[in-house]
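I have placed the structure first, in the form of structure tokens, so that the comments after it can refer back to it.
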Amino acid sequence: CISVSVVRLKRNIHRCIILLIVRAKLENMSSRKLSRHLSLDECTREYLEMGMDLTNKRKRYFSFHEKAIHRNRDRPISFELPDTDLVETDERSITETTTEGSKSSNQLSVNNYKEMVKQCLLDSAKGYTNGFQLLHDIESGMANLDTLKRCPQQLKNLIVLWACFVDKCDVVEVLVKAGANVNYILPFRGYGAVHISALNGCVYCLKWLLNNGCDPNCRVDDMTALHFATFTDSVDAFNTLIEHGCRLESTVLHSAVKSRAVGCIKLLLFKYNVDVNMLDSMGLAPIHICADQGFSDCMYMLLSSDKTLINQKDYHECTALHMACESAHVECVKLLIEHQANIHAKNMKFQVPIHMAAKAQSVDCIDFLIKAGADVNARDIDDRTPLHSAISVKTLNVCLAVDTLLSYHAKINVQDHFGFTPLHIAAINEVPECVESLLAKGGNVGIQTFGGISALNMIVRKVPSCVPAVAKQLDSAVTSNWADGFKRGPEIQLRFKYLLNSNTFGEIDLLKCFQEEGQYELLQHPLCQAFLFLKWKKIRKYYLMRLASLGFFILLYTLYVTTVLSHDCYNAIHLSNQSNSSCFRNNSTLSAFLIKNYQIMDVIIYALYLISVIEGFLKISEMAGYMYVHQYVLSLSNLSEWLVLISVPLISFHISGYTSYWQNYIGAFCVLCAWTNFMVKIGQLPWFDTYVAMYTKVQKEFAKLLMAYICLLIGFSVSLCVVFPSSKWFNNPIIGFVKVLVMMAGELDISMLEVHDESPIISKFSAYIVYVALLIFVSIILMNLLVGIAVHDIQGLKKTAGLSKVRCQIKLIYYIELFMLRSFWPKSVKRRALVYPSKHRAHMTVKPLSQQQTLPRDIIDAIRFLIKRKKQDNCDNNDIFKIQEILKEVRDLRAVVEENQKVIKHLLINANKI
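In full-length UniProt numbering, the protein residues as written are 1 to 914.
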């Protein structure tokens with residue numbers, strides 16, 4: 001008995017393991033999707049939040065038996081092992097799913113459903129004495145019919161269900177005659193004898209039950225016996241049920257399609273003429289289910305019917321072609337296209353079937369659709385193209401799908417609703433192969449999203465190994481006629497189209513992007529240097545004109561402050577009580593000239609009014625030179641200029657008919673601001689950038705030094721105020737602090753110590769100690785430290801003077817370009833600000849041997865060096881390719897020789913035997 005129990009336990013464990021394997025295979029095959037591993041970093045999360053669908057497609061529905069399987073995950077053991085031959089062990093990709101594999105998967109689901117029904121019956125039998133053993137005896141054919149007749153009524157009813165399941169029709173007849181209920185339904189499950197007989201396809205049992213009063217229309221989860229008959233494609237059982245009055249519902253065809261019951265589908269279509277276009281509760285027609293599951297044989301049968309609407313849409317407005325492409329079922333896609341399915345149909349998201357095929361990364365589906373006339377650049381509701389969809393999902397097939405779309409001339413630099421291009425998404429998902437493919441086809445790294453993130457920014461942070469691919473694109477834009485042996489003289493072609501292929505109307509955006517991302521090696525490329533030279537030559541005149549107008553305004557402003565406010569000549573001439581004015585006391589030539597020609601002051605103020613209005617108008621138009629308003633408002637240069645413009649009416653004598661004393665201070669302060677700002681403006685020119693940068697750098701370092709040693713200076717200021725209380729410089733701590741700064745610069749006043757000559761020795765000694773400490777710690781150490789830091793910074797600036805010049809040029813050109821192209825200027829003026837108004841003609845021919853050159857000699861030399869390097873690289877690549885071919889031929893010859901040696905050896909052995 002113990003040995004029997006051990007054997008039975010081992011058998012049960014073995015069955016459980018096999019069932020778990022079958023369940024795992026069922027889940028894998030029902031999904032039919034490869035796992036997609038996304039890099040959910042910060043940028044990808046942002047993109048997900050913005051609406052990009054990067055998730056796997058959810059299954060639209062489950063078949064009836066799959067629903068039951070999901071409700072009964074924990075299944076008890078059965079007596080018989082499942083058919084393990086039905087378990088598929090070979091994994092197939094989405095685009096390689098064959099008809100045989102789909103049939104095996106469907107058969108596996110049906111067998112599992114049968115197994116689940118079997119376990120339900122066995123579980124119910126455990127509640128009866130010897131019930132479990134009786135079912136086992138019936139299955140093995142060892143049951144005693146007399147014993148079965150004496151069973152309780154409930155057990156008889158259960159045995160009838162079990163007999164129908166194991167096709168024991170004689171047991172059914174005996175028990176029904178013995179009083180078993182033919183309409184008995186299994187509690188909590190709903191299965192009746194008619195359902196189980198239809199599921200097994202036992203026509204004899206089915207007829208006997210129906211002839212003995214069994215209700216053919218009883219339901220289980222909205223399913224009748226007809227649905228169960230379609231599970232196993234039992235045509236005879238199906239006809240038997242129809243003949244005995246079973247109602248033919250519209251969902252029977254859906255069940256037949258889900259179960260891939262080809263025989264039942266043929267009956268329903270051509271014999272019973274059911275509505276082939278009826279939608280189920282999920283909004284799906286039978287043709288949708290065929291397309292989603294990949295049942296090409298069922299789809300062919302549906303399309304054979306004239307009543308089938310091939311372009312019918314579900315609740316999400318998806319057609320069967322959408323679903324077939326989304327599930328990557330190539331045979332279904334081919335079949336639908338052959339039957340004139342609409343390849344331009346749109347769903348709720350305005351997606352056409354090629355969007356679905358691209359997202360599924362099915363190369364075959366993409367090929368069929370494009371050859372049938374699909375638009376490879378179609379846009380959905382978020383302005384995404386199929387190329388966006390293909391790259392949005394990171395799988396093993398992403399590169400192949402992207403290359404396929406690019407081979408059909410898919411647009412690369414298209415932006416979606418959020419400004420993302422395919423290059424942005426490829427960089428976010430960290431797919432360097434796709435990034436390089438897009439760059440090779442002309443992908444522009446300077447295009448920015450609507451949030452201001454460029455593709456180059458994402459490439460540098462996510463896939464920095466692809467940055468050299470950008471340099472290769474720049475190299476490919478420089479060509480020469482060296483290949484033809486200089487038959488027409490050496491010529492070099494510079495094609496600037498790559499630099500101008502941007503999403504804005506400017507020409508400097510890509511170079512600005514290189515600068516912002518710190519890619520100064522790309523800025524040093526000869527192509528970038530040549531274009532930057534041409535652009536600066538074209539646009540510098542506009543900045544010089546702007547400087548001229550600003551300089552003229554500052555000169556008028558200074559002249560007004562100097563004549564009217566400084567010498568007080570206006571009040572001296574127009575007021576009678578100003579005889580003691582400085583204008584009369586000062587016998588200068590300017591004062592005499594102003595007194596004699598006092599009308600000139602009115603001319604100056606009116607000219608200042610006019611030029612102020614013009615400057616104000618220009619300052620308002622300069623707002624176009626900034627991407628955001630807060631950048632314009634927070635600019636110190638703009639604040640300084642607006643301060644000077646506002647001060648013009650404040651210091652005018654037209655306010656009260658004379659000038660006041662406070663206007664002199666406003667004028668003096670504004671003159672200082674105006675000339676300082678003018679110095680900064682001049683410093684933006686590349687010629688003076690290094691020198692102004694030195695000044696501003698030393699300024700910043702002095703500010704840091706002052707903040708670090710401010711406590712020391714305050715301490716000396718207070719000490720000197722205490723030691724020299726009678727000095728005019730140290731009777732006030734604030735004035736004393738200013739005097740300490742003056743002494744730090746080197747202006748030492750030794751006469752202060754003479755005050756303490758007659759003082760007590762302690763006071764005199766203290767004064768000398770404080771003064772000497774100030775001399776050593778401030779005037780010598782601190783000042784020399786500042787000089788050393790300044791010299792060090794200046795040397796560093798000299799080393800990077802070239803990059804600083806390029807950076808200054810790009811910044812200034814970008815500002816002028818925005819100012820010119822986004823403001824009110826006429827189109828003719830805007831076109832003159834562009835080097836190449838037509839991007840299709842953005843090329844230049846350079847003749848290195850010509851005497852007259854449009855480019856500097858250093859740039860031409862750099863271009864010639866680049867051409868030589870490209871030629872050398874091509875030669876090296878050709879040599880490597882030839883070497884690889886030779887090695888391949890050697891390996892082939894070696895294999896042939898080895899094979900011949902084996903044949904000769906075999907012949908010699910046979911000859912020796914003979």
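Note that beta-carbon positions come from the ideal geometry of N, C-alpha and C, so glycine has one too.
CB contact check: residue i to chain C, cutoff 8 Å
{"i": "Ser549", "result": "In the structure shown, chain C does not exist; there is a single protein chain."}
Simplified DSSP assignment, three categories, for residue i
{"i": "Ile492", "result": "strand"}
{"i": "Ser660", "result": "coil"}
{"i": "Glu899", "result": "helix"}
{"i": "His654", "result": "coil"}
{"i": "His244", "result": "coil"}
{"i": "His843", "result": "strand"}
{"i": "Ser647", "result": "helix"}
{"i": "Val352", "result": "coil"}
{"i": "Arg362", "result": "A small correction: the amino acid at residue 362 is Ser; Arg does not occupy that position in the sequence shown. Ser362: coil per DSSP, three-state reduction."}
{"i": "Met109", "result": "Note that residue 109 corresponds to Ser in the displayed sequence, not to Met. Three-state DSSP puts Ser109 in a helix."}
{"i": "Thr404", "result": "helix"}
{"i": "Ser255", "result": "helix"}
{"i": "Thr129", "result": "coil"}
{"i": "Arg75", "result": "Note on Arg75: pLDDT 35, under 50, position unreliable in the model; the coordinate value appears next. Note: Arg75 maps to coil in three-state DSSP."}
{"i": "Val478", "result": "strand"}
{"i": "Lys697", "result": "helix"}
{"i": "Thr558", "result": "helix"}
{"i": "Leu908", "result": "helix"}
{"i": "Phe737", "result": "helix"}
{"i": "Tyr543", "result": "helix"}
{"i": "Lys913", "result": "helix"}
Contact check, residue i vs residue j, beta carbons under 8 Å
{"i": "Val445", "j": "Ile459", "result": "yes"}
{"i": "Ala378", "j": "His355", "result": "yes"}
{"i": "Gly263", "j": "Val220", "result": "no"}
{"i": "Leu175", "j": "Val160", "result": "yes"}
{"i": "Asp793", "j": "Val698", "result": "yes"}
{"i": "Ile666", "j": "Ser647", "result": "yes"}
{"i": "Gln515", "j": "Arg807", "result": "yes"}
{"i": "Leu439", "j": "Glu517", "result": "no"}
{"i": "His525", "j": "Leu474", "result": "yes"}
{"i": "residue 916", "j": "Thr251", "result": "Lying before the first or after the last residue shown, residue 916 is absent from the chain, which here runs from 1 to 914."}
{"i": "Cys332", "j": "Cys290", "result": "yes"}
{"i": "Lys313", "j": "Asn277", "result": "no"}
{"i": "Ile343", "j": "Ala374", "result": "yes"}
{"i": "Tyr191", "j": "Asn157", "result": "no"}
{"i": "Ala390", "j": "Val376", "result": "no"}
{"i": "Leu494", "j": "Leu527", "result": "yes"}
{"i": "Tyr542", "j": "Ala833", "result": "yes"}
{"i": "Leu818", "j": "Ala624", "result": "yes"}
{"i": "Ser259", "j": "Thr224", "result": "no"}
{"i": "Ile859", "j": "Ile492", "result": "no"}
Nearest candidate by alpha-carbon position, reference residue i, set the options
{"i": "His288", "options": "Ala911, Phe270 and Glu326", "result": "Glu326"}
{"i": "Asp383", "options": "Leu226, Gly419 and Ile366", "result": "Gly419"}
{"i": "Gly715", "options": "Phe777, Thr696, Lys728 and Asn677", "result": "Phe777"}
{"i": "Ala773", "options": "Arg546, Ser717 and Asn910", "result": "Ser717"}
{"i": "Tyr300", "options": "His424, Lys266, Ser281 and Gln631", "result": "Lys266"}
{"i": "Lys497", "options": "Pro490, Glu491 and Leu511", "result": "Leu511"}
{"i": "Val787", "options": "Trp729, Glu817, Met694 and Arg822", "result": "Met694"}
{"i": "Lys462", "options": "Glu433, His227, Gly442 and Lys441", "result": "Glu433"}
{"i": "Val117", "options": "Ala163, Met142 and Val770", "result": "Ala163"}
{"i": "Tyr628", "options": "Lys472, Phe450 and Lys764", "result": "Phe450"}
{"i": "Leu705", "options": "Trp642, Val671, Ala790 and Ser719", "result": "Ala790"}
{"i": "Ile539", "options": "Val363, Met820 and Ile370", "result": "Met820"}
DSSP bridge partner residues for residue i (one or two, in chain order)
{"i": "Ser727", "result": "DSSP lists no partner for Ser727."}
{"i": "Val742", "result": "Answer is none; Val742 lacks a bridge partner."}
{"i": "Met223", "result": "Val220"}
{"i": "Gln448", "result": "Ser454"}
(message) Suppose only complete runs of 4+ residues qualify. What are the alpha helix (DSSP H) ranges in the segment 155-219, listed by chain order?
(response) 169-177, 193-200 and 203-211
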